[in-house]
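J.: Handing you this structure, nothing more for now.
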Amino acid sequence: MITARHLTKTFHDQKRGAIRALDDVSFSCQPGRIFGLLGVNGAGKTTCLRMLATLLQPTSGTATVAGYDVMAAPAKVRASIGFLSSATALYDRLTAREMVEYFGRLHGMREEALGARLNELFVALDMNEIRDRRCSKLSTGMKQKVSIARTLVHDPAVMIFDEPTLGLDVLTARTVLSFIAQCGRQDKTVIFSTHVMSEVEKLCDTVAIIHQGRFLGEGTLSEWRERTGLRTLEDIFVRVVEAPR
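So in the working numbering the end of the sequence shown lands on 466, straight run, no missing numbers.
In structure tokens form, the structure reads like this:
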């Protein structure tokens, strides 16, 4: 469902010159599996995901998402994905229900199907108590839940989560992670980007490591353990990113 081929992104800064945020990255993600993209802050994770979501254009290379090329058919890609970042932005005067309904209508959903999907999401994310509360009155965690619901209201085949638990309390983060795991079990293609090792260990079928814009490898946790001789993901990650190359 997702194939990235030699994705490269270079930004130009007047003082620093050319900055290569992503350098020749290739990988693929399959339905029914959660693909973990692990890296420190600034490693290039968000740049990569924004190119997959057509928010940024690659400097070189390309990718296909749900069968559509991100450069040739960006509108088709956007209709096929749900993209959630840690930067939550909601319209304060709408209620949680109104916010999700609005995005469902933007996706062309019929009212009956929209109502059923909204109920499904509000139960799964434990949001029924805030259905009619204005977004301005919601906590950070509740706002993130509304963002997840509005992002996935059209039930996309591909789901991209960019550090979705950033800044959340333990209980809210647990609910969010449980929901993402459920998406993987529903045969969705899920990319989960984070720098939190424990989240990757709990959720991800495949773990990919990215560092300083470069893709350093991928595999199951068992494969990484066999490859490095180490047990914990934290130790594996440090070994991989600090290896001479």
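Every residue gets a Cβ at the ideal spot worked out from N, C-alpha and C, and that includes glycine.
Determine the direct distance from the alpha carbon of Lys366 to that of Phe304, and round the result to whole angstroms.
T.: For Phe304 and Lys366, the distance between alpha carbons rounds to 13 angstroms.
J.: Roughly how many angstroms separate the alpha carbons of Ile430 and Cys250, rounded to a whole number?
T.: Their backbone Cα atoms lie some 14 angstroms apart in a straight line.
J.: Can you have a look at His233 and say buried or exposed, based on whether 16 or more other CB atoms are within 10 angstroms of its CB?
T.: Classification for His233: exposed.
J.: Three or more C-beta pairs closer than 8 angstroms, one from the stretch 372 to 385 and one from the stretch 410 to 423: is that the case here?
T.: Taking 8 angstroms as the limit for Cβ pairs, the verdict is that the stretch 410 to 423 does touch the stretch 372 to 385.
J.: Should Ile240 be labelled buried (16 or more other beta-carbon atoms within 10 Å of its own) or exposed?
T.: The residue is exposed, with fewer than 16 neighbouring Cβ atoms inside 10 Å.
J.: Using DSSP with H/G/I as helix, E/B as strand and the rest coil, what is Glu439?
T.: Three-state result, Glu439: strand.
J.: Using the C-alpha atoms, what's the distance from Glu319 back to Arg395?
T.: So the two alpha carbons sit approximately 25 angstroms from each other.
J.: Taking the alpha-carbon of Leu311 as reference, which of Arg331, Ala345, Lys358 has the nearest alpha-carbon?
T.: Checking every option, the nearest Cα to that of Leu311 belongs to Lys358.
J.: Report yes or no: do the stretch 449 to 462 and the stretch 271 to 284 share at least 3 C-beta pairs separated by less than 8 angstroms?
T.: The stretch 449 to 462 vs the stretch 271 to 284: no contact.
J.: Please tell me whether Leu424 and Gly450 are closer than 9 angstroms, where the distance is taken between their beta carbons.
T.: In this structure, Gly450 does not lie closer than 9 angstroms to Leu424 by Cβ.
J.: For Leu437, collect the residues of the same chain with a Cβ closer than 6 angstroms to its Cβ; drop the 5 residues on either side in sequence, then sort them by chain order.
T.: Around Leu437: Ile430, Val461.
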